[in-house]
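**Q**
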Amino acid sequence: MNHSKNTPSNGRNSHPNARRDFLKSTAVAGAAASAPYFFSNPKTFAEDAKTKNDRMTIGVIGAGGMASGNINTAKEWLDVVAIADVDQGHRNSFNQRFAAGKADVYEDYRELIERDDIDVIHIATPDHWHTKPLVEAMLAGKDVYCEKPLTLTIDEGKLIRKVQKETGRVVQVGTQQRSTFPLFVKAMAIVAEGRLGKITQVQAAIGGAPSSPVLPVAEVPGNLNWDRWLGPAPKVDYRFLDDGKGKRPLTNGHYEFRWWYEYSGGKLTDWGAHHVDICNWALKLNGQTEGPVSIGGTAKHPVDFKDGFPIQNDRYNTATGFHFNVQYPGGTEMIIRNDTDNGVLITGTEGKIFVNRGKLVGQPVDDLKDNPLPEDAIAKVYRGMPMEHNERKQHWANFLHCVRERKDPISDVHTHMEMLNVCHLAGISARLGRDLKWDNATEQIIGDDEANGFLARPYRQGYQIEMRKGAKS
Ligand SMILES: NC(=O)c1ccc[n+]([C@@H]2O[C@H](COP(=O)([O-])OP(=O)(O)OC[C@H]3O[C@@H](n4cnc5c(N)ncnc54)[C@H](O)[C@@H]3O)[C@@H](O)[C@H]2O)c1
């Protein structure tokens, strides 16, 4: 298969892949584009794809919990031909489950991204391991579905946006709430149709991180390459405690990496990536196109911090509680907090709505009975792309649709990084314990050198991002 490498830059180049050309020739995209969200007649992407005898191949990097859920969803369109994971147990069981043991397995993902017979790549590694494989995969000419949050720092986001623009690769971010019909997308349609008037405040309630007892240093399990799991992060001991109290053992490794700033931003980026994203989407649909000017608030950590770094390294360290206020030009504000019902509250001059994964409520929703949304309102918010009902399925369908059409998916890297900047700024403010002023045009914190030091992170020797010849970081 002849993959184009480093295609020049506008994100809309045609691709020489035969399967993609075949898929591109199908009529479903156009047919569903103008359909209302509760359509029953025009085919969905899924219905159409089932009738095809051509499928795409996928390589999976990071075969843990999220990749399993994702591939279980997307397997009806994709064949898993290669799996990379630093845990031998994970890569082998994933292979048995999703490829009947026939996929090639790797410890080092770089072997996987070099293969010419892989159409698309899924990255579902821990957060500190997103930017490096994503950038390298784009430079190797691959389209990628990468889990959220894309980065640990604001500067990583700059690099991803630049490389995506230069390579024209299609990248879907795993913020699948953007594909949730009718809840989140309907909420966005209500906003876009002006039913709330001018938005004055958006609020993301995302819960706080757990704390933990001291986690003892433990022997690294024989199946896990701990050095490669740490990768670009500082070299530290493996910690593990199975106190039998929670759903999972406590560790600084699998799954629980979320509660360590070394590998994640805690809840601020874990769930912030979902709900701050919806807040930002609402603001943009309502005409607020400029980024924030300042962020301030309070945060509580389970350990003490000095100069923005935890002084104990033996237990979870991300914020257990917080309340941030983000100011936008013109006086609009965004609240990010842990202490009220998980979801997004959008307040405008004409009314307010609340939306989460289970409900969409508020007077403007009730008013739809007498004054329904225009038939194309949902399709417009979804940029006229094909739709179906299951959020995870739809998010993958949207990715594959955009791969064949060479379009930006609904969760594109550019809007993702706009809102992730806000989550990262909240994290920096939390760690330093002070308010920050932000210059959105230069993506710099104003008048605070120490805070600007958190815009990037050092990569451990041997784990730097590998830019190809001709590519500039
Ligand atoms: N979209 C969502 O709703 C959602 C939900 C859960 C998790 N996630 C995201 O998915 C990602 C993974 O989370 P998870 O809960 O599946 O974690 P996990 O620990 O279960 O899985 C991560 C896997 O990546 C592997 N890995 C680590 N470093 C690697 C490397 N260098 N190369 C290859 N494999 C490597 C680990 O061994 C593990 O198997 C996170 O970024 C998380 O934020 C998204």
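Quick note: the sequence shown uses full-length UniProt numbering, first residue 1, plus one each step. All residues carry an ideal CB built from backbone N, CA and C; glycine is no exception. Being a predicted model, the structure only gives us computed values, none of them experimental.
1) Any idea which residues DSSP pairs valine 326 with across the strands?
2) Which residue spans inside the segment 186-221 form an unbroken beta strand (DSSP E) run of at least 3?
3) Hey, would you say the C-beta of tryptophan 260 is under 7 Å away from at least one heavy atom of ligand 1?
4) Alpha carbon to alpha carbon, how far is lysine 235 from histidine 130? Give it in angstroms, no decimals.
5) Could you give the C-beta distance for threonine 200 and threonine 340, rounded to a whole number, given that I count them as a contact under 8 Å?
6) Taking only heavy atoms of ligand 1 into account, decide whether any of them is closer than 7 Å to the Cβ of methionine 66.
7) What residues in its chain sit with their C-beta under 6 Å from that of tyrosine 106, if we drop five residues either side in the sequence?
8) Mapping the DSSP letters down to three states, classify valine 81 as helix, strand or coil.
9) For alanine 140, I'd like the list of residues in its chain whose CB is within less than 6 Å of its CB, leaving aside the five on either flank, ordered along the chain.
10) By Cβ distance below 6 Å, which residues in the same chain neighbour isoleucine 446 in space, the five residues on each side in sequence not counted?
11) Look at tyrosine 145 and glutamine 176 and say whether their C-beta atoms are less than 8 Å apart.
12) Put glycine 462 into one of helix, strand or coil per three-state DSSP.
13) Could you tell me if the beta carbon of isoleucine 335 falls within a distance shorter than 7 Å of some heavy atom in ligand 1?
14) Ordered along the chain, which non-local residues of its own chain (more than five positions away) have a Cβ less than 7 Å from that of serine 294?
15) Check methionine 138 in the structure and name its three-state DSSP category.
16) Pull up the distance between the alpha-carbon of cysteine 423 and that of asparagine 72, whole angstroms please.
17) Under 7 Å: does the beta carbon of glutamate 147 sit that close to some heavy atom of ligand 1?
18) Confirm, please, whether the CB-CB distance from aspartate 117 to threonine 167 is below 8 Å.
19) Where tyrosine 394 and methionine 387 are concerned, what is the direct C-alpha to C-alpha distance, given to the nearest angstrom?
20) With respect to the beta strand (DSSP E) encompassing tryptophan 122, which residues constitute its N-terminal and C-terminal limits?
21) Taking CB distances under 8 Å as the criterion, tell me whether valine 171 reaches chain D.
22) Could you spell out where the alpha helix (DSSP H) holding valine 403 opens and where it closes?
23) At which residues does the alpha helix (DSSP H) containing tryptophan 226 begin and terminate?
24) Is DSSP giving leucine 373 helix, strand or coil here?
25) Could you compute how far the alpha carbon of phenylalanine 454 sits from the alpha carbon of aspartate 127?
26) Taking 8 Å as the threshold (C-beta atoms), are glycine 297 and phenylalanine 324 in contact?
27) Helix or strand or just coil, what does DSSP make of arginine 110?
28) Based on the DSSP output, what are the partners of tyrosine 145 in its beta bridges?
**A** The short version:
1) Answer is Ile295 and Met334, bridged to valine 326.
2) 199-205
3) no
4) So the alpha carbons of these two residues sit roughly 18 Å apart.
5) That belief does not hold up - the Cβ atoms of threonine 200 and threonine 340 are roughly 18 Å apart, past 8 Å.
6) yes
7) Here the set comprises Ala84 and Leu112.
8) strand
9) Ile113
10) Lys437 and Asp439
11) no
12) Looking at glycine 462 - three-state DSSP - the assignment turns out to be coil, as it is neither helix nor strand.
13) No; taking the cut-off as 7 Å, the Cβ of isoleucine 335 has no heavy atom of ligand 1 nearer than that.
14) Contacts found: Gln327, Asp435, Leu436, Lys437 and Trp438.
15) helix
16) 29 Å
17) yes
18) no
19) Here residue 394 turns out to be glutamine, not tyrosine, going by the sequence shown. When rounded, the distance between both Cα atoms is 7 Å.
20) The question names tryptophan, but residue 122 in the sequence shown is histidine. Looking at the DSSP string, the run of the beta strand (DSSP E) that includes histidine 122 is 120-123.
21) The structure shown contains no chain D; it holds only a single protein chain.
22) 391-405
23) 226-230
24) coil
25) 16 Å
26) yes
27) helix
28) Answer is His122 and Gln172.
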